[in-house]
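Counting from 1, one number per residue, gives the positions in the sequence shown under the numbering used here.
The beta carbon of each residue, even a glycine, is placed where N, CA and C say it ideally should be.
Encoded as structure tokens, the structure appears first; notes follow it.
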Amino acid sequence: MAVTLKAKERKDLTKSATKEIRRIGDIPGIVYGKHIEPMTISVNNNELMKTIREEGRNAIINLDIEGKEAVDVLLQDYQTDTVKGNIIHVDFFAVDLTEEIDVEVPVRLQGDAIGVKEGGVLQQPVVELEIRVKPKDIPDEIVVNVEALGIGDSISVADLPKSDKYEILEDPETVIATITAPDSADVTSEEATDDNVEPELVGAEKEAEESE
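Following this line, the structure appears as structure tokens:
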């Protein structure tokens, strides 16, 4: 079930108007999609953050635009202030609940891998997977169990169980998790080599200066 978020249409697009919107605690944004004309809007910052926190990044939102017909949307994108980190603009994508869409869903590794218990290091090269799914069936996350992974083992997209709700669009050979062996001996050797090289360079430079 979609969660409702109130919005207002934004007609004054001047910088001063946008600044005023942010000053009162709202966020300027836009809503667009295949079946609607793009519309500039604003939403309350606190309500948006609450929705994301409680419903998730890929939640279906029923955008209740004042004076307009409500529309089901997904949070498509947002911009943040480079200094403060707060959201300063948001994009909503209007969806048809009966049509499939492509979205990225976070991947969460679950379990204590055998290889880690043996001293290996668990690495996760991929943190999100792109899937094709109907909006109402978007999962909060894709859980991947890594308990059986030993040192040198890995899990790729091809190893994941098939879902009757969505299709994973990534290359089947894409590695999601792997256990690597620690190579502390080589690291120590490299550090020792680096320590030996630097004094020689410094000494050589000093000799060159003295000879001048």
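- The way I'd put it, the region 160 to 178 does touch the region 141 to 150; three or more beta-carbon pairs between them come closer than 8 Å.
- Here G29 is bridged, per DSSP, to I41 and V90.
- Within the region 53 to 126, the beta strand (DSSP E) runs of at least 3 residues that lie entirely inside it are, in chain order, 61 to 65, 71 to 80, 87 to 94, 101 to 110 and 121 to 123.
- By the C-beta criterion, the region 126 to 138 is judged to be in contact with the region 99 to 113, since at least 3 inter-stretch pairs fall below 8 Å.
- The Cβ neighbour count for M39, taken over all protein chains shown within 10 Å, is at least 16; the residue is labelled buried.
- Here DSSP, grouped into helix, strand and coil, assigns L48 to helix.
- In the three-state DSSP reduction, S154 falls in the strand class (E or B).
- Of the residues N58, E54, E37 and I87, the one whose Cα lies closest to the Cα of E69 is E37.
- Fewer than three Cβ pairs drawn from the region 54 to 71 and the region 15 to 22 lie within less than 8 Å of each other, which leaves the two stretches out of contact.
- With a cutoff of 8 Å on beta-carbon distance, G115 and P182 are scored as not near each other.
- Between the region 70 to 79 and the region 87 to 101 there are three or more C-beta pairs closer than 8 Å, enough to call the two in contact.
- One alpha carbon belongs to A177, the other to E170, and they sit about 14 Å apart.
- According to DSSP, I176 shares a beta bridge with no other residue.
- At least 8 Å separates the beta-carbon of V146 from that of Q123.
- Excluding its 5 nearest sequence neighbours in each direction, E100 has C-beta neighbours in its own chain below 7 Å: R132, V133 and K134, listed in chain order.
- For A158, the number of other beta carbons within 10 angstroms of its own is below 16, and it is reported as exposed.
- Contact check for P172 and S156: beta-carbon distance about 7 Å, within the 8 Å limit, so the pair qualifies.
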